[in-house]
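In the working numbering, the protein residues as written are 503 to 860.
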């Protein structure tokens, strides 16, 4: 069984909601987020730093798109550079951002975005599903989300269930991915992705029958029908404008050769290794911070005990009345115990907050 165009559209719509809160994305979305990735554009948040924005612009210019083309061509060299300086420079280029927004209404730009999304994300997901023998629409959505979000192979190699039992493997994979998200503060806030998939698994909606809700956005069968019709009309327009030139079998997913081995999984492996190293460092830093709190509490206790002893010796040799130095020593001891208790309570609060992070 091969996946239908509706299966693919559902998978993409789910991830679009995760990424942009819109089931079919927004072609004209153009923002600069505070994450160092530079301009983020279009239906899949194609970014400058990742190189995907340059790929979209390249396709648009090759398709002889006119709107904003002169501005894009002028900045193409910088777009192809992913250096921090190039990313920062174009992030502040309001003329380029206006050109990208203006071009989003054209069929050439819409097709360029759809082609790039297919090549970078959906085709690798289809290849993985084919290799594993997966046929369920929910499985495709799970794998596609992992390719888009990253670290599929990092999580998949730890699954101890054979892929022949598709539903068991996908369930084990999603649970492992959810636990992995929870183990790193940087990723914990993205657990809404795995929680959605676990919810669909719980109700056995492996066919992704509509309607269903993704992060509060309700997806219906009628929505997918309207979207398919709109893309079909755009395909007919392109046929007319290109004469006998053959279009792909699906306007939204051009050139789908799922038997080919795309470069994206290989690149994803490299990125996964880098991410693992980053997460390992983050884990160590978090551990060091917690240990530092414990050490601080211990030395506060030790310091208090030494202070009491010094005061007692001083009071004894200075000839102070016994009632005075004993009273002061008792007060110091109470303060030390109170401080120690406070540190213990704060430590428990930190542990509880860490376990309950969404």
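In this text, a Cβ means the ideal position worked out from N, Cα and C, and glycines have one as well.
If you're wondering where the values come from, they're calculated on a predicted model, not measured in any experiment.
- In the three-state scheme derived from DSSP, where H, G and I count as helix and E and B as strand, residue 526 is classed as coil.
- Checking the DSSP bridge columns, you'll see residue 541 partnered with 534.
- Between the alpha carbons of residue 615 and residue 558 lies a distance of about 6 Å.
- Beta-bridge annotation (DSSP): residue 549 is paired with 542.
- Taking 9 Å as the cut-off, the beta carbon of residue 514 is found closer than this to the beta carbon of residue 619.
- In the DSSP secondary-structure assignment, residue 720 is bridged to 715.
- Note that the C-beta distance between residue 716 and residue 840 is not below 9 Å.
- Nearest to residue 596 by C-alpha distance, out of 641, 570, 656, 585, is 570.
- DSSP places residue 573 inside the alpha helix (DSSP H), whose first and last residues are 571-576.
- DSSP places residue 691 outside both helix and strand once states are collapsed to three, so it counts as coil.
- By alpha-carbon distance to residue 719, the top candidate from 510, 505, 506, 525 is 525.
- Counted as a single uninterrupted DSSP element, the stretch harbouring residue 608 is not any alpha helix (DSSP H), since DSSP gives it neither H nor E.
- For residue 705, there is no enclosing alpha helix (DSSP H), since its DSSP letter is neither H nor E.
- Taking a cut-off of 8 Å on C-beta distances, the stretch 577-588 does not touch the stretch 638-645, as fewer than three cross pairs fall below it.
- In the three-state DSSP reduction, residue 636 falls in the coil class, being neither helix nor strand.
- Non-local C-beta neighbours of residue 517 in its own chain, meaning closer than 7 Å and more than five positions away in sequence, comprise 646, 647, 650, ordered along the chain.
- With distances taken between CA atoms, residue 727 lies nearest to 511 out of 705, 576, 511.
- Apart from sequence neighbours up to five positions away, the residues of its chain that approach residue 635 with a beta-carbon distance below 8 Å are 665, 666, 668, ordered along the chain.
- Our two residues, residue 685 and residue 699, have alpha carbons roughly 18 Å apart in a direct line.
- In this structure, the straight-line span from the alpha carbon of residue 538 to that of residue 834 is close to 51 Å.
- Remark: C-beta atoms of residue 563 and residue 580 do not approach each other more closely than 9 Å.
- Around the beta-carbon of residue 566, fewer than 16 other beta-carbon atoms lie within 10 Å, marking it exposed.
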